[in-house]
Amino acid sequence: MVTYYAYKIEKGLLTFNQVPTTYQPAVKSLFRTKVANGEITPEQYEQYVGEPYEG
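Below you can see the structure in the form of structure tokens.
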């Protein structure tokens, strides 16, 4: 489900605040991993999650 929510956020079909609170920490973690792996930028992380990337 975490990957599903992240995908929906990346495609603009869902906002982070619409993700159930039980999944939000895992979705943030996935996006942090994507930044570390160069899959998304810190700016995209901020856009998706709504807070600055601190890596």
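In our numbering, the protein residues as written are -10 to 44. Backbone N, C-alpha and C fix where the C-beta goes; we use that ideal spot for every residue, glycine too.
Margin query: Is Asn6 close to chain B? Criterion is C-beta to C-beta, closer than 8 Å.
Written below: In the structure shown, chain B cannot be found, because there is only a single protein chain.
Check: Just to confirm, are Gly1 and Val24 a CB contact at a threshold of 8 Å?
Finding: Cβ atoms of Gly1 and Val24: not closer than 8 Å.
Check: Expressed to the nearest angstrom, what Euclidean distance is found between the alpha-carbon atoms of Met(-10) and Glu32?
Finding: So the alpha carbons of these two residues sit roughly 24 Å apart.
Checklist line | Residue burial classification, Tyr(-7) (beta-carbon count within 10 angstroms, cutoff 16) | finding: Answer is exposed; the Cβ neighbour count stays below 16.
Check: Buried or exposed: Tyr(-4), going by 16 or more other Cβ atoms within 10 Å of its Cβ?
Finding: The C-beta of Tyr(-4) has fewer than 16 other C-beta atoms within 10 Å across all chains shown, which makes the residue exposed.
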